[in-house]
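Peer 1:
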């Protein structure tokens, strides 16, 4: 049981490049989400999904796309990377989206945009 | 949204209890209080959560006031490995009927030998 797996752990991009951060969970969780964390700050919600085929925007969605074709995977796409997207990205999942469901976080993906 | 207020930093002597306070005066009746911690830049680690009653698990205890406007996380015997940023979070209802975690800046707990 691996929990929440994020790849890659580190990535350097040039401005304007695109890439996808991968997130996979093996706990059959319905709810998945992406957060970003900037230095000295708490985590901010980018996008989330309450089940396969359903996604919604969080607090800071601009510049990011998501899709949820399977229960296990929730990739985050950067369409045209900008230096402002330099951050650490965390994926998290829970059994459901109710207030009582505990979120489990991945180890993070550190992205630098030059 | 229910916001939380925490001290920026706290110190605790190794072996003593660490009591981390949190104010959440605008919390709604069906919103849970969660505590996570983050060591360096690792992924946040779940500690404990509760709705109305006090809760205890192998890591910590959570004391919630009767009016639910504040809570305290208690680490009974702090060790150096408990040095981390501790986040008090209220999971609030948002779009699509789901509940989201909104992180603040947390409390930096330093356990001192």
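Residue numbers (this note's numbering), protein chains in the order written: chain G, 27 to 140; chain E, 74 to 186. Note that the Cβ used here is the ideal one computed from N, Cα and C, for glycine as well.
#1: Can you list the residues of chain E that residue 114(G) reaches, using a CB-CB cut of under 7 Å?
#2: Is residue 100(G) close to chain E, meaning its C-beta is less than 9 Å from at least one C-beta of that chain?
#3: Are there three or more Cβ pairs, one per stretch, closer than 8 Å when the region 104 to 123 of chain E is compared with the region 150 to 166 of chain E?
#4: At a CB-CB cut-off below 8 Å, which residues of chain E make contact with residue 42(G)?
#5: Check the Cβ of residue 57(G) against every Cβ in chain E and list those closer than 8 Å, keeping chain order.
#6: Report back the beta-carbon spacing between residue 88(E) and residue 106(E) to the nearest angstrom; my notes put them in contact at under 8 Å.
#7: According to a CB-to-CB cut-off of less than 9 Å, which residues of the region 145 to 160 of chain E neighbour chain G?
#8: Against chain G, with Cβ distances strictly below 9 Å, would residue 93(E) count as a contact?
#9: Any C-beta of chain E sitting closer than 9 Å to the C-beta of residue 90(G)?
#10: Heavy atom of the ligand ATP less than 8 Å from the Cβ of residue 64(G), yes or no?
#11: Considering only residues of the region 120 to 150 of chain E, which uninterrupted beta strand (DSSP E) runs meet the minimum length of 3 residues and lie entirely inside it, listed in chain order?
#12: In this structure, how does DSSP classify residue 110(G) when only helix, strand and coil are distinguished?
#13: How long is the line joining the alpha carbons of residue 93(G) and residue 81(E), rounded to whole angstroms?
#14: Sorted by chain position, which residues of the same chain lie with C-beta nearer than 8 Å to residue 149(E)'s C-beta, five sequence neighbours on each side aside?
#15: Among 98(G), 123(G), 104(G) and 107(G), which one has its Cα closest to the Cα of residue 30(G)?
#16: How long is the line joining the alpha carbons of residue 174(E) and residue 162(E), rounded to whole angstroms?
#17: Return the bridge partner residues of residue 86(E) from the DSSP annotation.
#18: Suppose the cutoff is 6 Å on Cβ atoms and the five residues either side in sequence are ignored; what does the same chain contact list for residue 96(E) look like?
#19: What's the gap between the Cα of residue 49(G) and the Cα of residue 84(G)?
#20: So that I know if they touch, is there some Cβ in chain G lying closer than 9 Å to that of residue 89(E)?
#21: Does residue 36(G) come within less than 9 Å of chain E when only Cβ atoms are used?
#22: Applying the 10 Å Cβ sphere with the 16-neighbour rule, what's the burial state of residue 118(G)?
#23: Would you check if the distance between the CB atom of residue 67(G) and the CB atom of residue 178(E) is smaller than 9 Å?
#24: Rounded to the nearest angstrom, how far is the Cβ of residue 104(G) from that of residue 45(G), given a contact under 8 Å?
Peer 2: In brief:
#1: Translated into positions along the first chain, residue 114(G) becomes position 88. The contacting residues are 114.
#2: Locating residue 100(G) in the first chain gives position 74, counting from the first residue. It does not; no Cβ of chain E falls within 9 Å.
#3: yes
#4: Mapped onto the first chain, residue 42(G) falls at position 16. In chain order: nothing, as chain E lies at least about 26 Å away.
#5: The residue given as residue 57(G) occupies position 31 in the first chain. Result: 171.
#6: One-based indexing of the second chain puts residue 88(E) at position 15. One-based indexing of the second chain puts residue 106(E) at position 33. Incorrect: roughly 27 Å between the Cβ atoms, too far for contact.
#7: 158 and 160
#8: Looking up residue 93(E) in the second chain gives position 20. With 9 Å as the cut-off, residue 93(E) does not count as an interface residue toward chain G.
#9: Translated into the one-based positions of the first chain, residue 90(G) becomes position 64. With 9 Å as the cut-off, residue 90(G) does not count as an interface residue toward chain E.
#10: Absence of the ligand ATP from the depicted structure is noted, as is the absence of any ligand whatsoever, leaving it without description.
#11: 134 to 137 and 143 to 148
#12: Position 84 of the first chain, counting from 1, holds the residue named residue 110(G). If DSSP states are grouped into helix, strand and coil, residue 110(G) belongs with the helices.
#13: Counting from one through the first chain, the residue named residue 93(G) turns up at place 67. Counting from one through the second chain, the residue named residue 81(E) turns up at place 8. Near 37 Å, if we compare the C-alpha coordinates of residue 81(E) and residue 93(G).
#14: Position 76 of the second chain, counted from the first residue, corresponds to residue 149(E). Excluding sequence neighbours, residue 149(E) sits near 90, 133 and 134.
#15: Walking along the first chain from the start, residue 30(G) turns up at place 4. Ranking the options by Cα distance to residue 30(G), first place goes to 98(G).
#16: Residue 174(E) sits at position 101 when you count from the first residue of the second chain. Residue 162(E) sits at position 89 when you count from the first residue of the second chain. One C-alpha to the other measures close to 6 Å.
#17: The count along the second chain starts at 1 and reaches residue 86(E) at position 13. Bridge partners of residue 86(E): 185(E).
#18: One-based indexing of the second chain puts residue 96(E) at position 23. Result list for residue 96(E): 78 and 143, in chain order.
#19: Counting from 1 along the first chain, the entry for residue 49(G) is found at position 23. Counting from 1 along the first chain, the entry for residue 84(G) is found at position 58. About 17 Å.
#20: Numbered from 1 along the second chain, position 16 holds the residue referred to as residue 89(E). Not closer than 9 Å to any Cβ of chain G, the Cβ of residue 89(E) fails to qualify, so no.
#21: Indexing the first chain from 1 puts residue 36(G) at position 10. So, not an interface residue.
#22: As a first step, residue 118(G) must be located in the first chain, where it is residue number 92. That one is buried.
#23: Position 41 of the first chain, counted from the first residue, corresponds to residue 67(G). Position 105 of the second chain, counted from the first residue, corresponds to residue 178(E). Contact flag set, yes.
#24: Working through the first chain from its first residue, we reach residue 104(G) at position 78. Working through the first chain from its first residue, we reach residue 45(G) at position 19. Confirmed, Cβ separation roughly 5 Å.
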